[in-house]
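What follows is a single structure, written as C-alpha cells, with notes after it.
Protein chains: 2
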Amino acid sequence: MLKKSKAKIIEAGFTVFSANPTATLADVAKEAGVGRATLHRHYAGREDLMTALAMVAMQELDDAIEAATKDASSYTEALRLSLEVIIPLADRQMFLANEPLDHVPEVLEAYTQQLEETAEAVEAAKEEGGFDVDVPTAWIVQAIETLTYAAWTVVRDGDATPEEAAALAWRTLQSGLMGGAK
Amino acid sequence: MLKKSKAKIIEAGFTVFSANPTATLADVAKEAGVGRATLHRHYAGREDLMTALAMVAMQELDDAIEAATKDASSYTEALRLSLEVIIPLADRQMFLANEPLDHVPEVLEAYTQQLEETAEAVEAAKEEGGFDVDVPTAWIVQAIETLTYAAWTVVRDGDATPEEAAALAWRTLQSGLMGGAK
DNA sequence: TCAACATGAGACAAAGGTGTCTCATTTTTT
DNA sequence: AAAAAATGAGACACCTTTGTCTCATGTTGA
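Here the protein sequences come in this chain order: A and B.
For the first sequence, position 64 (counting from the first letter as 1) is numbered 64 according to UniProt numbering, and the numbering increases by one without interruption.
For the second sequence, position 16 (counting from the first letter as 1) is numbered 16 according to UniProt numbering, and the numbering increases by one without interruption.
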C-alpha cells in the first residue's frame, strides 16, 4: 500500500495547509489517517512535502489546461477555457504562493515554465486581436492570475457559481466592467 | 523615547515580515535596532505585534484614500484615485492577508468596515454609470482588490512604473484589455 | 545633581515542532 | 504458510521560538 499512503498524505496536505498554512506535520499525518513516522518515511521533512505538493498542484494545472484547450478554436478561446478550469483548482495553489519555495530548483523551473507558457499564449492571443498589443504582456499575465484568484474567492464566499465567476473574470479581462449611461 | 521605540518596531515589522512572513520576533527587534526584551515590553507577543501592524496598515490605507478622494468629482473618479494611491501601500498589506487575524475583534471590525466602504463606493459609482449595474458589487470589489495586487507586483518586478500600473489596472476594470482587429 | 524611566544584554525555563529510532503488528507478496 | 515490506505507536533528543526576569547602563526631566 505504498502508493496509497503517499497519496493520502498529499491529499491531506492540500486539505490541512489550505486551511492553515502553518499547520504541523502531525496535523497532516492525522488528517491522512497515518502515523507521523510514516509521513517522514515518505517525505524527509516539511519542505519535502511542500515541494511534492507544489509539483502535484502544478501538474494538475497543466493537465487541466491541456485537457480544456485540446480543441480550442483560437488562442484567445484557449485562454478563456483555461481560466474556467483553473478556478476550481485555485485553492490547491494559493497556499503555496506564500511558501518560500523559490530555492528549490525543481519548483522554480516548473513555475517559470508555467508563466512562460501563459505569456506565450497571451502573445498569440494578441495577434488574434484578443488583446490590445499595446498592453504589456506582463500585465495581462498578472491580471489573469489575480482575477482567477478573485473568481475563486467569490465562489468560496458563495457570492457566485463557478460558471458565473469565470464569466465575470473573462468579461473583466476582455471588456471591463464599465456601465452605460446613468 | 518611548514613542520612538514603538515606531521603530512597527516599521521594522513591516520590513521584516514583508520579506519573510515567518520571521521571528528576534529578527524584528534586530531590524528595529532594539533589544528583544524591549519589543516584549511594548507588544506582549507575536499576535499583539501583528495586530498592531494590521491596525496601522489599515489606518494608513484609510488616510491615503481620504486624502486622495478629498476633492474627487465623482464616486467613480474617487475609486480611480484610490486605486492609484493604494498601489504603493500594497506591500504593507499583503503579508497580513495570510495572517490568521480574524479572531481579533479589533482587526475584523476594521477590515469589515473597509470592505463595506469600498462596496458603498462601488454602488455609488454604479449609479453614475461608472460600472454596469448588472455586475455584482462583490465581484467589482474583489476585482479592485486583486488588480491592485497585480499592479503592485508588476511594479515590484520592474515591469511598470506605479503610474503605468495604476493606469493599466483602471483600464482593465473599466474597459478591459481587448484589442482591435488583427 | 538627582530621581524616574527606558533600554540592552544576557540568562533562563517552557513549549512546540522536527527528525530519528525501535518494536510490535499488520499487510502484502511469494 | 513463510518471508518481506509497510505501518502505528511511542519514546527520545534536538532545535528554535517565545516569554519572563534581572541587572547594569543610559536617558530624560525635575
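Each residue gets a CB set at the ideal place from its N, CA and C atoms; glycine is no exception.
Check: I'd like the list of long-range same chain contacts for Ala78 of chain A, defined as Cβ closer than 6 angstroms, with 5 residues on each side in sequence excluded.; Outcome: Thr69, Ala72
Check: Can you give me the Cβ contacts of Val141 of chain A inside the same chain, cut-off strictly under 7 angstroms, excluding the 5 residues immediately before and after it?; Outcome: Leu115, Thr118, Ala119, Val122
Check: Going by other Cβ atoms of all chains shown within 10 Å of its Cβ, with 16 needed for buried, is Val107 of chain B buried or exposed?; Outcome: buried
Check: For my contact list, Asp134 of chain B and Ser18 of chain B are in at a C-beta cut-off of 8 angstroms; report their separation, rounded to the angstrom.; Outcome: Contact flag wrong, Cβ pair sits at about 38 angstroms.
Check: Return the CA-CA distance between Ala52 of chain B and Glu164 of chain B, expressed in angstroms with no decimal places.; Outcome: 32 angstroms
Check: Expressed to the nearest angstrom, what Euclidean distance is found between the alpha-carbon atoms of Val34 of chain A and Thr38 of chain B?; Outcome: 43 angstroms
Check: Considering only residues of the segment 42-128 of chain A, which uninterrupted alpha helix (DSSP H) runs meet the minimum length of 4 residues and lie entirely inside it, listed in chain order?; Outcome: 46-68, 75-86, 94-97, 105-128
Check: In its own chain, which residues sit with a C-beta less than 8 angstroms from the C-beta of Arg46 of chain A, not counting the 5 before and 5 after it?; Outcome: Leu25
Check: Could you give the DSSP three-state label for Thr24 of chain B: helix, strand or coil?; Outcome: coil
Check: Can you give me, in chain order, the residues of the segment 155-174 of chain A that have a beta carbon less than 9 angstroms from any beta carbon in chain B?; Outcome: Asp157, Asp159, Ala160, Glu164, Ala165, Leu168, Ala169, Arg171, Thr172, Leu173, Gln174
Check: Taking the alpha-carbon of Gln59 of chain B as reference, which of B:Glu109, B:Ala160, B:Gly176 has the nearest alpha-carbon?; Outcome: B:Glu109
Check: Would you decide whether Ser74 of chain A is buried or exposed? Buried here means 16 or more other CB atoms lie within 10 Å of its CB.; Outcome: exposed
Check: For a test of the three-state rule: what should DSSP assign to Gly35 of chain A, helix, strand or coil?; Outcome: coil
Check: Establish whether the CB of Val28 of chain A and some CB of chain B are separated by less than 9 angstroms.; Outcome: no
Check: Give me the residue from B:Tyr149, B:Leu89, B:Phe95, B:Leu83 with the minimum Cα distance to Thr22 of chain B.; Outcome: B:Phe95
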